[in-house]
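Protein chains in written order, with UniProt numbering: chain H, 1 to 465; chain D, 1 to 465.
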């Protein structure tokens, strides 16, 4: 493009900007938000170099080192919730309590997969959440490898009495996770006896990743587990080379009756509108592998940290700042759904719900779902975070635990952070404290605290659509 | 620095260059080497887009998928050598044979480590090569965590009857590997009952890496295994938090009597000086985890490929081009040492030995050990590889299997390649075909073939120091 064209392009861009229909905030609201600039700097200092520095990382390390992973239904999870309630009380927060909910109780038990032909080799597996187990003697069957559901349809006549190995190329988590979630029933429809699904992720060092799967009730429930990317590719190559694949699979997995767990709640009570709330949240449960440090210890602990910072600075917002650490997110937001059902009648008192469940790496802003006017308010608040390069507001905020509230048009938001490697570790033994960084968590906590405090202290709850 | 200073600096540099004492090759030798430019281009084309394209990768995948990892003393290794001899014969190479050597026979057996206190957790381990096992009932003991040998010396009074966990920060492989190699005996000296060593590597997704360790015969041999970086850090944090660590370790590892294995040899017999040789090599044995694809299937197979390319192009060099796939490198070059002892009397007939055992990633040249004059010859040959950006010649070439020959002043060389992630996978279950790339292996094969062919075809063997 020539120089003149570039110049006219810029002019057009400027003109189109001037003609846009973005909501214009009132002078007063802009001034009100700008007035928080000193408080925002205090929050940032407190979190980066003050008493809050490295606090969320260190608290989380102590917590996950002590309790390990926290699967719904496990004593690990309930013990960790007991301790969390103690910690929140020790931190001097208000109204610390657990809200009881019914949660799933799936247990993995022992599990083994062995390649018998064309050579003997152990295959590292992780059974998928809600999977049934095998018979006591296990399942020994020949295997077929399918790279896609399309290939399954084309080769459906080869599937009966076979173990189906799915080896789809990773496109993105939301796209490729379909194989993990639906693979078992898609193959069972044609008579498969078990499925082994390539781990849903972009990179692996021979690490299988578990996760939820869902049976279609119209076909038999068959055992299903994930295997590593490396083994999926190896089995694929062997099949294409004409080798007969025989696999032995043994899984003790079973689903037990639901049990009672708790969403963990703590607050800083609002000084003027105590019934109105801003929620910051993450989930305390995790898969039963690794430490559940990243997913979602990090999100839960920066949310706690947001309240700790506000309290540590002696601030009391006009409305209530509520921390919720959800339970049984991993089975599909089981705890948060019951919270929503119980509290939805108060939807007009919820200004916004924040959830961090996609990493607490270097933050660069937030993602938001709500009205254009509400977004403009968040963008204005974002200006208070320019000094830490976290001022951007993107669309499509939310998360499994807060998206329920969209039905009531309550705004939701999540943390925009450099989580490019999130799916390297997600739902695997690699989800440990080594993935996280104290300074990045300090920054995330500051972002979370600035948004949460300012929104809890403005004159009004956020406008709906 | 000011502009005038920069200019005078450049002038000084030019002058010092002009005054250097680099060896000057004869006009004839420069011309002789330049005359290979057409052949070099043919080799490159053959390897990148011709019949050799992807051949080394595909051959290796078929091989490691069929045999898996190939630990010294295992039937896997011997079966794979049998098949390798068949493949080399099928490839039409000369003098295909196995040269018998005595090799180590260490077997891993079952192995388990469990953290009992302060909480119950499985610790993923890999016993270290040559380690003894535990008693049948295992070892249950409290653990102490040492970040360095210095700390061990300072805290030596705390070590008796304890399991010592070493958690040294990774500096580099040659530096940090001291903990894996000597950690057990260093701790045994002060009465430790076992050692768990943090995996020697810069990055992990909860993947333990095995490797060789060596007992000091003056202290009791105690069981020793590596643990993941993540668990080493967790145990370290727990100890610093004042927690008592109790670990149960069970290992069946044992060293059996040495057995006979083979170095695998194939040649393109020289047309003029058949008794003189250029050796290209890698090792066929591997640790008993992953597929031994990178370490060192890749090195062995690009070495084979070098001969395949030369043969495929119908070329016959003046002296013999010899492929050696060493056995039992992993225990310290056991197979290659015996080869050296058997053949060292012919050292003057060895022009150079190449070994690729540090990855077959994107190549950018070679590393060389030998006289300045020999290096100048290799630099001149490197000019034939400018078109694929692999013309550089660095110092300090060689490898475990060829360094023996330095005693006889025979030049050695290895492959300079972008192996920055080599130690992410090395000696772990992550060492699979997924780590390698067909096009990178094409380039490595071309580099290997050009150097090997030209050096085998020049009038003289490389000059000694």
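Beta carbons are placed, not taken as given, at the ideal position from N, Cα and C, and that holds for glycine.
message: Could you tell me which whole beta strand (DSSP E) segments of length 3 or greater appear in the segment 88-125 of chain H?
response: 94-107, 111-117, 121-123
Cβ of residue 186(H) less than 8 Å from any chain D Cβ? Translated into the one-based positions of the first chain, residue 186(H) becomes position 186. False, the Cβ-Cβ gap to chain D never drops below 8 Å.
**Study point:** Option nearest residue 159(H) by Cα separation, candidates 448(H), 183(H), 170(H)
**Key:** Numbered from 1 along the first chain, position 159 holds the residue referred to as residue 159(H). The candidate whose alpha carbon is nearest that of residue 159(H) is 183(H).
Identity of the residue in 80(D), 298(D), 267(D) nearest residue 282(D) by Cα: As a working note, residue 282(D) is residue 282 in the second chain. Out of 80(D), 298(D), 267(D), 298(D) has the C-alpha closest to the C-alpha of residue 282(D).
Query raised in the report: Which runs of the beta strand (DSSP E), 3 residues or longer, sit entirely within the segment 161-229 of chain D?
Result: 163-166, 194-198, 224-227
Using a cut-off of 9 Å between C-beta atoms, extract the partners of residue 86(D) located in chain H. In the second chain, the residue the question calls residue 86(D) occupies position 86. Neighbours of residue 86(D) on chain H: none; closest Cβ ~17 Å, over 9 Å.
Which residues in chain C sit within 7 Å of residue 62(H), going by Cβ to Cβ distance?
The structure shown contains no chain C; the protein chains it does contain are H and D.
**Prompt:** How big is the Cα-Cα spacing for residue 192(H) and residue 363(H)?
**Reply:** Here the question's residue 192(H) lines up with position 192 in the first chain. Here the question's residue 363(H) lines up with position 363 in the first chain. Distance between the alpha carbons of residue 192(H) and residue 363(H) is about 44 Å.
Starting from the C-beta of residue 341(H), find all residues in its chain whose C-beta is less than 6 Å away, skip the five residues before and the five after it, and write them out in chain order. Walking along the first chain from the start, residue 341(H) turns up at place 341. Nothing meets the Cβ criterion.
Under 8 Å, Cβ to Cβ, is there at least one residue of chain D near residue 173(H)? Position 173 of the first chain, counted from the first residue, corresponds to residue 173(H). No, because no Cβ of chain D sits closer than 8 Å to the Cβ of residue 173(H).
| residue 2(D) to residue 420(D), Cα distance in whole Å? | Mapped onto the second chain, residue 2(D) falls at position 2. Mapped onto the second chain, residue 420(D) falls at position 420. Any reading at residue 2(D) is ruled out, since the residue's pLDDT is 43, under 50, leaving its predicted position unreliable.
Would you mind telling me which residues of chain H sit closer than 7 Å to residue 238(D), beta carbon to beta carbon, in chain order? Translated into the one-based positions of the second chain, residue 238(D) becomes position 238. Those are 65, listed as they occur along chain H.
Self-check item: Contact check, residue 228(D) vs residue 289(D), beta carbons under 8 Å
Solution: Start at 1 with the first residue of the second chain, and residue 228(D) comes out as number 228. Start at 1 with the first residue of the second chain, and residue 289(D) comes out as number 289. Not a contact, by the Cβ cut-off of 8 Å.
- So which of 38(H), 66(H), 93(H), 22(H) has the shortest CA-CA distance to residue 323(H)? Mapped onto the first chain, residue 323(H) falls at position 323. Taking only the C-alpha atoms, the option nearest residue 323(H) is 93(H).
Notebook entry, point to check: How many Å lie between residue 25(H) and residue 287(H) at the Cα?
Noted result: In the first chain, residue 25(H) corresponds to position 25, counting from 1. In the first chain, residue 287(H) corresponds to position 287, counting from 1. Cα-Cα distance, rounded: 43 Å.
#### Entry: Secondary structure, alpha helix (DSSP H): runs of 4+ residues fully inside the segment 399-462 of chain H
422-425, 438-457
Practice prompt. Compare the Cα-Cα distances from residue 202(D) to each of 172(D), 247(D), 320(D) and report the closest residue.
Written response: Within the second chain, numbered from 1, the residue matching residue 202(D) stands at position 202. For the residues 172(D), 247(D), 320(D), the minimum Cα distance to residue 202(D) belongs to 172(D).
Output, in chain order, the set of chain D residues within a Cβ distance shorter than 9 Å of residue 57(H).
For the purposes of this step, residue 57(H) is taken as the residue at position 57 of the first chain. Within 9 Å Cβ-Cβ: nothing; residue 57(H) doesn't reach chain D, min ~11 Å.
Practice task
Please name the residue or residues paired with residue 484(D) in a DSSP beta bridge.
Solution key: Look at the range of chain D in this structure, 1 to 465, and you will see that residue 484(D) is not part of it.
**Request:** Can you say whether residue 188(H) is buried or exposed, counting buried as having 16 or more other CB atoms within 10 angstroms of its CB?
**Result:** Your numbering for residue 188(H) matches position 188 in the first chain. With 16 or more other Cβ atoms within 10 Å, it is buried.
Do residue 410(H) and residue 353(H) have their beta-carbon atoms positioned less than 8 Å apart in this structure?
Here residue 353(H) refers to the residue found at position 353 of the first chain. Here residue 410(H) refers to the residue found at position 410 of the first chain. Yes, these two residues count as a Cβ contact at 8 Å.
**Request:** Return the residues of the segment 215-230 of chain D that lie within a Cβ-Cβ distance of less than 7 Å from chain H, sorted by chain order.
**Result:** 229, 230
Exercise for review: Taking 8 Å as the threshold, find out whether the segment 130-142 of chain D comes into contact with the segment 243-251 of chain D through three or more Cβ pairs.
Suggested key: yes
- Item | Under the three-state DSSP convention, the category residue 304(D) falls into | Working through the second chain from its first residue, we reach residue 304(D) at position 304. If DSSP states are grouped into helix, strand and coil, residue 304(D) belongs with the helices.
Practice prompt. Could you tell me whether the segment 259-268 of chain D touches the segment 80-100 of chain D, where touching means 3 or more Cβ pairs closer than 8 Å?
Written response: yes
*asked:* Pull the bridge partners of residue 365(D) from the DSSP assignment, please.
replied: In the second chain, counting from the first residue as 1, residue 365(D) sits at position 365. In DSSP, residue 365(D) forms a bridge with 392(D), 416(D).
> Exposed or buried, residue 418(D), counting other C-beta atoms within 10 Å across all chains shown (16 or more means buried)?
Replying inline: For this step, residue 418(D) is matched to residue 418 along the second chain. Flag for residue 418(D) reads exposed.
Against chain D, which members of the segment 428-446 of chain H pass a CB distance test of less than 8 Å?
428, 429, 430, 432, 433, 434
Check: Counting contacts by CB-CB distance shorter than 8 Å, is residue 118(D) in contact with chain H?
Finding: The residue labelled residue 118(D) in the question sits at position 118 within the second chain. Taking Cβ atoms only, chain H reaches closer than 8 Å to residue 118(D), which makes this a yes.
Per the DSSP calculation, residue 319(H) is bridged to which residue(s)?
Position 319 of the first chain, counted from the start, is the residue given in the question as residue 319(H). In DSSP, residue 319(H) forms a bridge with 273(H).
| Hey, does residue 251(H) have any beta-carbon neighbour from chain D nearer than 8 Å? | Here residue 251(H) refers to the residue found at position 251 of the first chain. By this cut-off, residue 251(H) is not an interface position.
Item checked: Cβ pair residue 447(H), residue 415(H) closer than 8 Å -> Within the first chain, the letter at position 447 stands for residue 447(H). Within the first chain, the letter at position 415 stands for residue 415(H). Yes, the pair counts as a contact, with Cβ atoms nearer than the cut-off.
Q: If I'm right that residue 244(H) touches residue 117(H) with Cβ under 8 Å, what's the distance once you round it to whole angstroms?
A: Taking the first chain and counting its residues from 1, the one referred to as residue 244(H) is at position 244. Taking the first chain and counting its residues from 1, the one referred to as residue 117(H) is at position 117. Indeed they touch by this definition, with Cβ atoms about 6 Å apart.
Exercise. Using alpha carbons as the reference points, say which of 157(H), 46(H), 284(H), 164(H) lies closest to residue 314(H).
Key: One-based indexing of the first chain puts residue 314(H) at position 314. Considering only alpha carbons, the answer is 46(H).
Reference residue 460(D), options 349(D), 393(D), 392(D), 396(D), closest by Cα:
Numbered from 1 along the second chain, position 460 holds the residue referred to as residue 460(D). Looking at the Cα atoms, 349(D) is the closest of the given residues.
Collapsed DSSP secondary structure at residue 59(H) in the structure displayed
On the first chain, position 59 is the one that residue 59(H) refers to. Of the three classes helix, strand and coil, the one that applies to residue 59(H) here is helix, per DSSP.
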